[in-house]
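Below: one structure, written as structure tokens.
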Amino acid sequence: MSDLDIRAAETGTTRVFDLDLPPEAVERFTTQAGTGEWPLQYALGADRLRQSFVEIIKIRDLGTMPLSAYLAEAHNVSGSDFEAARPRLDALRGHVVVLPAQAFDRTAQTLNPQAPLRHVGTFREAGASAQAAPLRSASARGSAADADPVAATPAKTSPLLRALAIVVLALIAGVALYLLATA
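Count the sequence shown with the numbering used here and you get residues -6 to 176, in order.
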């Protein structure tokens, strides 16, 4: 399979993978174990994956609704690539994995999907803006880079001054105790 590059700033995309497993093996494969083991993450080759954004769809549970209609409604997917893939999406059986951009937790990574996963397509959400590279010009860095680091650091109290303050406080406490004892 070919590699899929995920950018850290990616938004507005949804990736769909066919999951070629018997129904009884799907839950074990797609659920992260208490030990941290997660076969789905390993098969994707993902460095970071947020379980709360991973959607596993049992196509039979959609009833008469085609998968493409579900993706258009639930994930607001559209575009010419999506329209061309509708017949292929609607022909899928069993289970599919749907991963919106949020599933990758703004982490740049390269996916290398392995069996039992097969990448079906990457689709754009309607109205999603084009992806732009991060700004790298000097003006994009802001004025904080030019700030004087010494001025931003709080002044340190000298050890001698701290020792003197402790001695003065001890003397005041001693005088107060003496006055209380003699009164």
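Where is the CB? At the ideal position from N, CA and C, for every residue including glycine.
Remember, it's a predicted structure, so these values are computed and weren't measured experimentally.
* Measure from the alpha carbon of Val182 to the alpha carbon of each residue in Tyr171, Asp98, Arg81, Thr115, then state which is nearest. => The structure shown does not extend to residue 182, since the chain is modelled only from -6 to 176, so the question has no answer here.
* Evaluate Thr175 with the Cβ neighbour count: other Cβ atoms within 10 Å of its Cβ, from every protein chain shown; 16 or more gives buried, anything less gives exposed. => The residue given as residue 175 occupies position 182 in the sequence shown. Its Cβ having fewer than 16 others within 10 Å, Thr175 is exposed.
* Asked: Going along the chain, which residues of its own chain have a beta-carbon closer than 6 Å to the beta-carbon of Tyr35, five neighbours each way excluded?
  -> The sequence position of residue 35 within the sequence shown is 42, counting from 1. A distance below 6 Å between beta-carbons, with the five flanking residues on each side excluded, links Tyr35 to no residue of its chain.
* Would the beta-carbon of Gln95 fall within 9 Å of that of Arg41? -> Reading the sequence shown from its first residue, position 102 is the one you call residue 95. Reading the sequence shown from its first residue, position 48 is the one you call residue 41. Taking 9 Å as the Cβ cut-off, Gln95 and Arg41 do not qualify as a contacting pair.
* To do: Return the residue from the list Ala65, Ser151, Leu162 that minimises the CA-CA distance to Gly120.
  => Working through the sequence shown from its first residue, we reach residue 120 at position 127. Of the listed residues, the one whose Cα sits closest to Gly120 is Ala65.
* Contact check, Gly5 vs Glu118, beta carbons under 9 Å -> If you number the sequence shown from 1, residue 5 lands on position 12. If you number the sequence shown from 1, residue 118 lands on position 125. Yes, they are a contact pair.
* **C-beta contact flag for Leu33 and Leu60 at 9 Å** => Taking the sequence shown and counting its residues from 1, the one referred to as residue 33 is at position 40. Taking the sequence shown and counting its residues from 1, the one referred to as residue 60 is at position 67. Not in contact: Leu33 and Leu60 (Cβ atoms no closer than 9 Å).
* Asked: Looking at Glu48 and Pro15, is the spacing between their C-beta atoms short of 9 Å?
  -> Taking the sequence shown and counting its residues from 1, one reaches residue 15 at position 22. Taking the sequence shown and counting its residues from 1, one reaches residue 48 at position 55. No, these two residues do not count as a Cβ contact at 9 Å.
* Those residues which DSSP pairs with Asp181 across a bridge -> Residue 181 lies beyond the stretch modelled for the chain, which goes from -6 to 176, so this question has no answer here.
* To do: Reducing DSSP to helix, strand and coil, say where Ser71 ends up.
  => For this step, residue 71 is matched to residue 78 along the sequence shown. Three-state result, Ser71: strand.
* Which of the three DSSP states, helix, strand or coil, is assigned to Glu30? -> Looking up residue 30 in the sequence shown gives position 37. The answer is coil: DSSP assigns Glu30 none of H, G, I, E or B.
* Measuring CA to CA, which of Asn69, His88, Gly29, Gly27 is closest to Asp54? -> In the sequence shown, counting from the first residue as 1, residue 54 sits at position 61. Taking only the C-alpha atoms, the option nearest Asp54 is His88.
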